[in-house]
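J.: Below are the structure tokens for one structure; questions will follow.
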């Protein structure tokens, strides 16, 4: 938690900057701690525990802009730190587009509690954390002679933030998180050593799923045995909810003001137009309680709000911060999305797969990239051949190629199975006629 004394220190730092040559300033004070316990074959391998406090300050000096950070929260140290920052900023090139947001756009308070912080965080003991990591390893370790190793881990963290701006903003953030994960590697054919993983996460310790994580990782790796390439061609592509976000990411990145301003976005000049199939509806839902990614304001202090990003395939918004909005001479929106929620369908992954006669289920991406200017992409994939609604041959060393806009216009179905612990709640997805290259 940010103490009252540190809040006063942040206020003092901002006032000191304004009295010593700054026309405007923003101060961000952060405090947090985290721990991780990593086991190999149910035995302790690595552990880490850390706590940190830091202050960053953004200085606006004579149409120049500088950002500086320190973990020395002492007034004498901060005096030198801020003075040096102001003097350094004076050497930078002028940039008239740099400024704080209009104060009317700031979060003013009054919204319901987002319930992001677990009050039990400090009461969870190290022995219990290690025991959870060991238990998921023991679900599978020693149960099958093909197992080479089982890696398991527990990690958690808590973060507090305090943000001030000289034109009238003051806001606080707080959140906790927990996660458990397992990775299993096995002996495959010849020299093959396939591996797979599973994980669970939660903002609250009591809601953290802690069973069957090792078992699911083992089941996933066994399905990889015998992986091969299949014939190149166009297939219906089904993507599971662990990996569907990989295909959403380029679409979101193309909406940022920095990309649009540099004309490095395949979404340029597409606001209000149909850019994807009608099945594509994606919302930003920043005010869902007890949800990863929920927040009242962005990194500038600008108030978040519920907004449709894509609605029935139509692009409704960009993510444009104050700086890029001024450079582009457009109205700002918000610097980035908070909590992405895609409209779901009626079937889970098995139900979607059952409806495909000739397709490939993608359960992992192995490298590749998307051209931010054109939307052209190429990704390595692994997964399973689907024949008449059944998973048959496990596949790997294949690529999918195409264009993001064409791909999303071929979206024919969404699942009902997003991972609710994620800040990107993207379900399984089905695309028609995707180019796969293999044999």
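Numbering (our numbering), first residue to last: 44 to 482. Think of the CB as a built atom: it goes at the ideal place given N, C-alpha and C, for glycine as much as any other residue. Model, not experiment: these values are computed from the prediction.
1) Three or more beta-carbon pairs under 8 Å between the segment 225 to 244 and the segment 257 to 264, yes or no?
2) Strictly by DSSP, which residues pair up with residue 404?
3) What are the boundary residues of the alpha helix (DSSP H) that includes residue 54?
4) Decide if residue 182 is buried, meaning its Cβ has at least 16 other Cβ atoms within 10 Å, or exposed.
5) Would you grab the beta carbon distance between residue 161 and residue 239 for me? Rounded to a whole angstrom, and I think it's under 8 Å.
6) Examine the ligand GDP and report whether any of its heavy atoms sits within less than 7 Å of the Cβ of residue 158.
7) Kindly confirm or deny that the segment 323 to 333 and the segment 352 to 362 touch, where touching means at least three C-beta pairs closer than 8 Å.
8) Is the separation between the beta-carbon of residue 420 and that of residue 444 shorter than 8 Å?
9) Can you tell which of 450, 350, 243 has the C-alpha that lies nearest to the C-alpha of residue 282?
10) Can you give me the C-alpha to C-alpha distance between residue 404 and residue 65, rounded to a whole angstrom?
11) Using 8 Å as the Cβ pair cut-off and three pairs as the minimum, do the segment 337 to 352 and the segment 404 to 413 touch?
12) So, for residue 274: in the same chain, excluding its five sequence neighbours on each side, which residues have a beta-carbon less than 8 Å away from its beta-carbon?
13) If distances are taken between C-alpha atoms only, which option among 149, 476, 460, 55 comes closest to residue 364?
14) Helix, strand or coil for residue 122 per DSSP?
15) Beta-carbon within less than 6 Å of residue 439's beta-carbon, same chain only, minus the 5 sequence neighbours each way: which residues are those?
16) Which residues in the same chain have their Cβ closer than 7 Å to the Cβ of residue 397, if we skip the five residues on either side of it in sequence?
17) Judging by CA-CA distance, which residue of 346, 187, 474 is the nearest neighbour of residue 320?
18) Using the Cα positions of residue 277 and residue 477, report the straight-line distance between them to the nearest angstrom.
19) Any idea what DSSP makes of residue 218, helix, strand or coil?
20) For the putative contact between residue 108 and residue 132, defined by C-beta atoms under 8 Å, what is the C-beta separation to the nearest angstrom?
21) Just to confirm the assignment, what range does the alpha helix (DSSP H) spanning residue 293 have?
22) Is it right to say residue 315 is buried, meaning 16 or more other beta carbons lie within 10 angstroms of its own, or is it exposed?
23) State whether the segment 75 to 88 contacts the segment 187 to 205, with contact taken as three or more CB pairs (one from each stretch) at a distance under 8 Å.
24) I want to know whether the segment 135 to 152 touches the segment 162 to 170 - three or more CB-CB distances under 8 Å.
25) Mapping the DSSP letters down to three states, classify residue 339 as helix, strand or coil.
26) Would you identify the three-state DSSP class for residue 92, choosing helix, strand or coil?
27) Out of 307, 158, 279, 192, point me to the one whose CA is closest to residue 245's CA.
28) For the beta strand (DSSP E) holding residue 383, just list the boundary residues, first then last.
29) Classify residue 395 as helix, strand or coil using the three-state DSSP reduction.
30) By the DSSP assignment, the alpha helix (DSSP H) with residue 450 in it spans what residues?
31) Whole angstroms is fine: what's the gap from residue 175's alpha carbon to residue 253's?
32) Of the residues 460, 422, 295, 116, which one's Cα is nearest the Cα of residue 386?
33) Give me the Cα-Cα distance between residue 156 and residue 331, rounded to the nearest whole angstrom.
34) Relative to the alpha-carbon of residue 470, which residue among 411, 412, 413, 394 has its alpha-carbon at the smallest distance?
35) Among 380, 122, 211, which residue has its Cα nearest to the Cα of residue 347?
36) Please return the same chain residues whose Cβ sits closer than 7 Å to the Cβ of residue 61, not counting the five positions on each side in sequence.
T.: Concretely, from the data shown:
1) yes
2) The sequence position of residue 404 within the chain shown is 361, counting from 1. Per DSSP, 281, 427.
3) Your numbering for residue 54 matches position 11 in the chain shown. Per DSSP, residue 54 belongs to the alpha helix (DSSP H) from 47 to 62.
4) Taking the chain shown and counting its residues from 1, one reaches residue 182 at position 139. A residue is called buried when at least 16 other Cβ atoms come within 10 angstroms of its Cβ; residue 182 meets this threshold and is buried.
5) In the chain shown, the residue the question calls residue 161 occupies position 118. In the chain shown, the residue the question calls residue 239 occupies position 196. About 29 Å; that fails the 8 Å criterion.
6) With respect to small molecules bound, the structure shown includes none, and the ligand GDP cannot be examined in it.
7) yes
8) One-based indexing of the chain shown puts residue 420 at position 377. One-based indexing of the chain shown puts residue 444 at position 401. For residue 420 and residue 444, yes; Cβs fall inside 8 Å.
9) Along the chain shown, one-based indexing puts residue 282 at 239. The shortest C-alpha to C-alpha distance from residue 282 to any of 450, 350, 243 is the one to 450.
10) Translated into the one-based positions of the chain shown, residue 404 becomes position 361. Translated into the one-based positions of the chain shown, residue 65 becomes position 22. The straight-line gap from Cα to Cα measures roughly 56 Å.
11) no
12) In the chain shown, the residue the question calls residue 274 occupies position 231. Taken in chain order, the residues that qualify are 481, 482.
13) In the chain shown, counting from the first residue as 1, residue 364 sits at position 321. When only C-alpha atoms are compared, the closest one is 149.
14) Residue 122 sits at position 79 when you count from the first residue of the chain shown. The answer is helix: DSSP assigns residue 122 an H, G or I state.
15) Here residue 439 corresponds to residue number 396 of the chain shown, with the count starting at 1. Only 270, 425 meet the Cβ criterion.
16) As a working mapping, residue 397 is identified with position 354 in the chain shown. Around residue 397: 432.
17) Looking up residue 320 in the chain shown gives position 277. Taking only the C-alpha atoms, the option nearest residue 320 is 474.
18) Start at 1 with the first residue of the chain shown, and residue 277 comes out as number 234. Start at 1 with the first residue of the chain shown, and residue 477 comes out as number 434. CA-CA distance, residue 277 to residue 477, rounds to 5 Å.
19) Translated into positions along the chain shown, residue 218 becomes position 175. The answer is strand: DSSP assigns residue 218 an E or B state.
20) Against the chain shown, residue 108 aligns to sequence position 65. Against the chain shown, residue 132 aligns to sequence position 89. Yes, residue 108 and residue 132 are in contact; Cβ-Cβ is about 7 Å, under 8 Å.
21) For the purposes of this step, residue 293 is taken as the residue at position 250 of the chain shown. Where residue 293 is concerned, the enclosing alpha helix (DSSP H) stretches over 288 to 296.
22) Here residue 315 is taken as the residue at index 272 of the chain shown, counted from 1. Looking at its Cβ environment, which holds fewer than 16 other Cβ atoms inside 10 Å, residue 315 is exposed.
23) yes
24) no
25) Along the chain shown, read from residue 1 onward, the residue named residue 339 stands at position 296. In this structure, residue 339 counts as coil in the three-state DSSP scheme.
26) Residue numbering aside, residue 92 sits at position 49 when the chain shown is read from its first letter. Looking at residue 92 - three-state DSSP - the assignment turns out to be strand.
27) Locating residue 245 in the chain shown gives position 202, counting from the first residue. Minimum Cα distance to residue 245 is reached at 158.
28) Position 340 of the chain shown holds residue 383. Per DSSP, residue 383 belongs to the beta strand (DSSP E) from 383 to 385.
29) Within the chain shown, residue 395 is the residue found at index 352, counting from 1. The answer is helix: DSSP assigns residue 395 an H, G or I state.
30) Reading the chain shown from its first residue, position 407 is the one you call residue 450. Per DSSP, residue 450 belongs to the alpha helix (DSSP H) from 447 to 452.
31) Locating residue 175 in the chain shown gives position 132, where the first residue counts as 1. Locating residue 253 in the chain shown gives position 210, where the first residue counts as 1. Answer to the nearest angstrom: the Cα atoms are 7 Å apart.
32) If you number the chain shown from 1, residue 386 lands on position 343. Per the Cα distances, 460.
33) Residue numbering aside, residue 156 sits at position 113 when the chain shown is read from its first letter. Residue numbering aside, residue 331 sits at position 288 when the chain shown is read from its first letter. Between residue 156 and residue 331, the C-alpha separation is close to 10 Å.
34) The count along the chain shown starts at 1 and reaches residue 470 at position 427. The candidate whose alpha carbon is nearest that of residue 470 is 394.
35) As a first step, residue 347 is located in the chain shown; it is residue number 304 there, counting from the start. The residue with the shortest Cα to Cα distance from residue 347 is 380.
36) The residue given as residue 61 occupies position 18 in the chain shown. Contacts found: 68, 209.
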